[in-house]
Structures are given as C-alpha cells and as structure tokens.
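Take a look at the structure below.
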Amino acid sequence: MQGGISSGNTVSLTAYVMAALLEARQPSHDQSVSMAARCLTKDNSTHPYVLAIKAYAFALASHPNATSLMQKLLDQAVVTKNAMYWNLPKGSSKAASLETAGYAILAMMTHDPVNNVLTAGEIVKWITTQRNGQGGFYSTQDTIVALQALATYEGYLRQGTLNVKAVVTASNFTHTFNITDNNKLLEQYQPLPTLPTTVSINMTGQGCVVLQAVLRYNIPEPDPSDAFTLTVNTTTEPDKYCTTKRITACTAYHLSDHKSNMAVIEVDLISGYIPEKQDLKQMLNDVHIKRYEVDGSKINFYIDELVVEDLCVNFRVIREVDVEDVKPGTIIVYDYYQPELSISKRYTLPSPEECR
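Just so you know, we're using full-length UniProt numbering here: the sequence shown kicks off at 1 and counts up by one.
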C-alpha cells in the first residue's frame with residue numbers, strides 16, 4: 001500500500017485509502033475523501049510512485065489536479081520504441097516500479113480513456129514483459145495492482161472478433177495455438193521437447209494476444225542480502241519419547257534507513273513435524289508480529305517492520321510421522337515489498353540419539 005518507498009509513505013498510504021473509498025462508492029465516505037484530497041493537494045512529492053497513486057485517486061474523484069499529476073508523471077517516464085515505464089530512485093524495488101506503471105494506467109483510463117488509450121497501451125506492453133512464469137509479478141501487492149490495471153485497460157478496448165493463429169516452430173517441432181473469443185480466458189501451454197533450440201513464431205489473424213516463453217533452470221544459491229541477519233537455533237524439549245523440538249529464529253535489519261518495510265519470516269518445516277498451535281498463537285502477543293499463517297508444511301510470520309534489534313520467533317514442533325533420511329528445513333526472511341532483500345538458512349533438528 002505504500003509501495004515499499006522510504007519517503008512519502010504517509011502520502012501514498014493516504015492516496016491508497018482515498019482510492020479505496022472512492023472505488024467503494026459509498027456516500028458515507030464523502031467527508032473522508034474530501035479530507036484526504038485536501039491533505040494530498042498540499043503534498044509536493046515528485047517521486048513517481050507517489051505521483052501515480054495520487055493521480056489515480058484524484059482521477060477517481062474527478063479532481064482538477066489529476067491532469068497536472070499525470071503530466072508530471074509522464075515527464076519522468078522512460079520511453080522506448082515499444083514501451084513506457086519509470087525508473088525509481090536508488091533503493092526502490094522492482095515491485096514499486098511495477099506498481100507505479102499499474103497506477104499510471106489506472107489513472108489514465110479513469111481520467112480520459114479515449115485520449116490516453118494509446119499511451120496506456122505502451123505501459124501495458126512493458127508490464128507484460130515483467131510477468132513471471134506463474135503469471136504473477138514480484139509480490140502479492142504489485143501483482144494485484146498490475147492485474148487490475150491490465151483488466152481496466154482491456155475493458156476499454158473496442159476490438160472486433162478475436163481470431164488469432166500462432167504457429168510456433170522449433171527443431172523438429174511445430175505447434176499451432178488458436179485463440180478465439182471462446183477460449184481467450186484460458187491459458188494455452190505447450191512444452192518444447194528439445195533444448196537448446198531456436199524458436200520462431202508466426203502470428204496471423206485479428207486481435208491482441210500475449211505469448212510468453214518461460215525458461216526454467218537451476219542457478220547457484222544467491223548471496224544473502226546485507227539487509228538482514230538471521231540466526232537459527234534448534235533444541236530438544238524434555239519429553240518421554242524425544243519427539244518435541246523447539247525452533248528459534250532471530251532476525252534484524254541493518255540498512256541505513258534503520259527499519260524495513262513489512263517483512264516475512266518463512267519457516268519450511270522438516271518432513272514429519274507439525275507446529276504446536278498454542279505456541280504460534282502466543283507469539284501474536286508480540287506487537288511486531290502482525291499475524292501468521294500455516295500453509296501446508298510452511299509457516300509465514302508477517303512482521304510490521306524489522307529494526308536493528310533482533311526479533312525472534314520461537315515455537316515447538318512435534319514429530320507426527322517418522323521419516324527416514326529427512327532433508328534440512330529452510331528459514332527465509334524477506335522484505336514483503338522488496339523480495340530481492342532476503343536471507344535464508346538451512347536448519348536441522350536434533351536426532352533422537354542426541355537427547356538420550
């Protein structure tokens with residue numbers, strides 16, 4: 001909601017709330033919207049993210065400042081042959097750049113879609129190049145904004161009947177994709193049988209479609225970010241059968257701005273173990289731990305912010321099933337808005353022999 005930027009957080013959050021209230025279209029919110037607009041009018045930030053989200057909020061409100069905000073935003077845009085996007089100041093995340101582009105599209109298509117559709121189309125082209133192999137982008141927040149922007153843009157297009165044929169040719173391989181109004185919402189997927197190879201694509205017909213090539217490969221584990229430190233300790237709890245262990249993971253933030261955005265501590269449990277639910281609930285007594293969620297064998301702890309002092313998660317796990325040759329678990333700490341700021345460590349649990 002704040003774009004992971006270190007300055008202008010109050011302004012961007014105010015604009016986000018104002019836009020949300022306007023999207024809800026409830027008359028009871030009118031006074032709050034007016035107060036937010038007055039606050040935002042006093043702001044002179046030139047940060048592209050702030051300009052974009054303010055422009056969208058003002059466009060929703062039909063505020064006269066929407067036009068000037070969009071012009072200031074366009075003045076900072078990077079324009080290439082087939083794309084438009086924004087380079088944010090040093091230290092900003094890729095996710096924030098994507099959100100900026102998404103809010104720019106939303107502002108343009110809300111304020112004056114007829115005159116802005118071509119410019120917005122150049123931003124759409126750039127956004128589609130940022131998509132990952134699963135169809136999302138960098139984080140949950142920027143993915144939501146990008147998908148909303150793409151859907152809004154598509155809703156204004158007045159294209160005729162969709163009928164496109166894409167013929168993909170590679171070494172000893174040919175496949176034809178047919179995209180029509182009947183299947184345009186369905187993803188079509190075809191693996192290439194031989195790699196490496198050279199791929200050529202021939203597209204004919206009428207309409208606009210997106211074709212994406214995904215290449216997956218292994219790389220060495222990346223170096224940890226300097227943003228965080230992480231220490232992990234595991235012990236055995238006293239019980240008759242030595243089936244209960246305790247995991248303690250402590251992390252802190254060490255960049256020059258002294259506090260992180262919202263952070264996530266992701267604990268990948270070792271096979272055969274389940275968390276002690278009461279311990280997880282008790283950790284919510286720490287005001288910095290906003291919530292947790294258990295997703296299969298992973299536990300995600302959501303932290304408001306990390307600072308230079310250690311914050312620890314501490315909970316028991318209980319062996320539910322005996323598993324032979326278990327692999328180490330992994331604990332990852334990352335910035336929610338800047339996932340590239342991350343650190344991970346593998347851990348093991350004490351063996352039964354160690355507690356006898």
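Where a beta carbon is used, it is the ideal one built from N, C-alpha and C, also for glycine.
Just so we're clear, the structure is a prediction, and the values are computed from it rather than from any experiment.
Given a threshold of 16 other Cβ atoms within 10 Å of its Cβ, counted over all protein chains shown, does residue i qualify as buried or as exposed?
{"i": "Ala213", "result": "exposed"}
{"i": "His175", "result": "exposed"}
{"i": "Arg319", "result": "buried"}
{"i": "Ile179", "result": "buried"}
{"i": "Val323", "result": "exposed"}
{"i": "Pro328", "result": "exposed"}
{"i": "Arg38", "result": "exposed"}
{"i": "Asn116", "result": "buried"}
{"i": "Ser34", "result": "exposed"}
{"i": "Arg131", "result": "buried"}
{"i": "Tyr156", "result": "exposed"}
{"i": "Gln188", "result": "exposed"}
{"i": "Glu23", "result": "exposed"}
{"i": "Gly8", "result": "With a pLDDT of only 48 at Gly8, under the threshold of 50, the placement of this residue in the model should not be trusted, and no figure is reported."}
{"i": "Ile219", "result": "exposed"}
{"i": "His63", "result": "buried"}
{"i": "Tyr138", "result": "buried"}
{"i": "Leu88", "result": "buried"}
Residue i by DSSP, collapsed to three states: which one?
{"i": "residue 423", "result": "The structure shown does not extend to residue 423, since the chain is modelled only from 1 through 356, so no value can be given for it."}
{"i": "Pro350", "result": "coil"}
{"i": "Gly133", "result": "coil"}
{"i": "Leu215", "result": "coil"}
{"i": "Glu221", "result": "coil"}
{"i": "Ser6", "result": "Legend: pLDDT at Ser6 = 48, less than 50; position of this residue unreliable, no value from coordinates given."}
Give me the residue from the options with the minimum Cα distance to residue i.
{"i": "Gln338", "options": "Ser34, Thr41, Ser97, Ser45", "result": "Ser97"}
{"i": "Ser45", "options": "Val11, Ala146, Glu266, Leu195", "result": "Val11"}
{"i": "Thr204", "options": "Leu230, Leu195, Phe177, Pro191", "result": "Phe177"}
{"i": "Tyr217", "options": "Pro196, Ala24, Asp142", "result": "Pro196"}
{"i": "Thr14", "options": "Ala77, Lys345, Ile144, Val50", "result": "Val50"}
{"i": "Lys125", "options": "Asn9, Ser351, Gly102, Thr140", "result": "Gly102"}
{"i": "Leu162", "options": "Lys184, Gln141, Leu147", "result": "Lys184"}
{"i": "Ser92", "options": "Pro48, Gln134, Ala83, Thr128", "result": "Pro48"}
{"i": "Leu269", "options": "Ile53, Gly133, Tyr347", "result": "Tyr347"}
{"i": "Asn267", "options": "Ala166, Thr231, Cys208, Ala95", "result": "In the sequence under discussion, the amino acid at residue 267 is Val, which differs from the Asn named in the question. Checked all of Ala166, Thr231, Cys208, Ala95; the closest Cα to Val267 is Thr231."}
{"i": "Pro191", "options": "Asp304, Asp181, Gly133", "result": "Gly133"}
{"i": "Ala104", "options": "Gly135, Phe58, Thr251", "result": "Phe58"}
{"i": "Asn228", "options": "Cys250, Ile127, Gly136", "result": "The amino acid at residue 228 is misidentified as Asn; the sequence shows Phe. Here the closest residue by C-alpha is Cys250."}
{"i": "Ala120", "options": "Tyr241, Ala170, Ala52, Asn182", "result": "Ala52"}
{"i": "Asp181", "options": "Phe173, Val164, Thr169, Lys345", "result": "Val164"}
{"i": "Lys281", "options": "Tyr292, His288, Ser271, Ala95", "result": "Tyr292"}
{"i": "Leu106", "options": "Val79, Lys90, Leu73", "result": "Leu73"}
{"i": "Asn160", "options": "Gln278, Cys208, Tyr334", "result": "Residue 160 is actually Gly in this sequence, not Asn. When each option's Cα is compared against that of Gly160, the closest is Cys208."}
{"i": "Thr169", "options": "Leu147, Thr194, Leu186, Gln148", "result": "Thr194"}
Is residue i close to the ligand HEM? I mean its beta-carbon at under 8 Å from any heavy atom of the ligand.
{"i": "Leu51", "result": "The model depicted lacks the ligand HEM and carries no ligand whatsoever."}
| Whole beta strand (DSSP E) runs in the UniProt domain "Alpha-macroglobulin receptor-binding" (260–347) with 3 or more residues, listed along the chain? | 263–268, 273–275, 289–295, 298–303, 311–319, 329–335, 342–347
| request: Would you list, in sequence order, the uninterrupted beta strand (DSSP E) runs of no fewer than 3 residues that lie entirely inside the segment 226–264? | output: Complete beta strand (DSSP E) runs here, min 3: 228–236, 244–253.
| field | Start-end ranges of the alpha helix (DSSP H) lying completely within the segment 29–108, minimum 4 residues | value | 30–41, 48–60, 65–75
| field | Segment contact, 8 Å Cβ cut-off, at least three pairs: the segment 220–239 with the segment 295–305 | value | no
| said: Extract the residue ranges of the beta strand (DSSP E) inside the segment 135–213, only unbroken runs of 3 or more that lie entirely within it. | reply: Restricted to the segment 135–213, the beta strand (DSSP E) segments that are unbroken, complete and at least 3 residues in length are 163–170, 173–180, 200–206, listed in chain order.
| request: Report yes or no: do three or more beta-carbon pairs, one from the segment 101–112 and one from the segment 148–160, lie closer than 8 Å? | output: yes
| Would you call the segment 185–201 and the segment 235–252 touching, i.e. three or more CB-CB distances under 8 Å? | no
| message | I want to know whether the segment 310–318 touches the segment 242–259 - three or more CB-CB distances under 8 Å. | response | yes
| message | Whether or not the segment 259–268 and the segment 303–314 are in contact is what I'm after, with contact meaning three or more pairs of Cβ atoms, one per stretch, closer than 8 Å; do they touch? | response | yes
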